[in-house]
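When we follow UniProt numbering, the leftmost residue of the sequence shown carries the number 1, and every step to the right adds one.
Where a beta carbon is used, it is the ideal one built from N, C-alpha and C, also for glycine.
Below is one structure, written out as C-alpha cells; the observations come after it.
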Amino acid sequence: MNKGQKFVLSVMLGALGNVLGFSSLELLTLIHPQIALDLSHIGTFLSAGMLGPIYGGLTGIIVSISPYIRFGLQGAYGPLFGLLIFPGKALTGIFSSILMRKIRPFTAIVIGYVPESIFTYLTMAIWAPVFIPGISQYVTETVILMVLLKAWAEILVLAAVTEPLLRNLCKKHLIECYCECR
C-alpha cells in the first residue's frame with residue numbers, strides 16, 4: 001500500500017471514529033456533563049494496527065474532532081482548552097501502534113493509552129486553571145478521576161473489540177497490517 005492509500009484509509013478510519021464518537025457522545029452522559037461515552041478511538045486503533053505509528057497518530061488527531069466539538073465547542077472546556085484533546089488522542093495512536101509491533105493488540109492498546117491518560121490528568125489538573133479560570137474550580141480531582149476511570153473502561157472495551165477485528169483483517173489478507181496479529 002502506498003502513502004496516498006494509507007493516508008486515505010487513515011482519513012476513512014478517522015471518519016468512522018468520528019461517526020462512532022458523535023453517536024456515543026450523545027448516548028450517555030454520566031454523572032457530570034463533561035463526562036460522556038466516547039468510542040471514537042476505534043478508528044485510531046484500527047489505523048495504528050494496520051498502518052503504523054504515523055497514521056495511527058494522524059487518525060488519533062482526526063477522531064479528536066467529535067470529542068473536541070462535544071467538550072470544547074459545545075461543552076465547558078471552550079475552544080482553546082478543548083484543543084488539548086488532539087495531542088492526547090494522537091499519543092494513543094502513536095504509542096499503541098509502536099507497541100503492536102511487539103505485543104498483541106489488546107495489550108498494546110491498553111499500555112498505549114497510558115501516555116494519553118497521563119496527558120489528560122496533567123492537562124486537567126494543571127492547565128484548566130489557566131485556560132478556563134471561570135470554571136476551573138469545578139474541575140476537581142474527583143471529576144478528573146471520573147473522566148479517567150470512564151476512559152479506561154472505554155479503552156478496555158475498544159481493545160477487546162479491536163484485537164479480533166485486526167486479526168481477521170490481517171489473516172484474511174484484506175490489508176497488509178503493520179502489527180503482528182497473533
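Contact check, residue i vs residue j, beta carbons under 7 Å
i                : j             : result
isoleucine 144   : glycine 78    : no
serine 96        : serine 66     : no
valine 63        : glycine 14    : yes
tyrosine 178     : leucine 51    : yes
phenylalanine 86 : isoleucine 61 : yes
alanine 36       : leucine 25    : yes
valine 139       : alanine 128   : yes
lysine 6         : tyrosine 55   : yes
serine 117       : leucine 149   : no
threonine 123    : leucine 84    : yes
Limits of the unbroken alpha helix (DSSP H) element including residue i
i              : result
asparagine 168 : 141 to 171
glycine 49     : 41 to 51
proline 129    : 128 to 131
Close-in-space but distant-in-sequence residues of the same chain around residue i (CB under 8 Å, 5 per side omitted)
i             : result
threonine 162 : Ile42, Phe45, Leu46, Gly49, Pro105, Phe106 and Ile109
leucine 156   : Val110
asparagine 18 : Ser40, Gly43, Ile62, Val63, Ile65 and Ser66
Cβ neighbours of residue i in the same chain (closer than 7 Å, five flanking residues each side left out)
i             : result
glycine 57    : Ala90, Gly93 and Ile94
leucine 73    : Pro79 and Gly82
isoleucine 98 : Pro53
tyrosine 121  : Ile144 and Leu148
6 Å CB neighbourhood of residue i in its chain, flanking five on each side removed
i              : result
isoleucine 135 : Ala76
alanine 159    : Phe106, Ile109 and Val110
proline 115    : Leu91 and Phe95
threonine 59   : Ser10, Leu13, Gly14, Gly43, Thr44, Ser47 and Gly93
arginine 70    : Leu25
Any beta strand (DSSP E) of 3 or more consecutive residues that is wholly inside the stretch 55 to 113: With a minimum length of 3 residues, no continuous beta strand (DSSP E) run stays inside the stretch 55 to 113.
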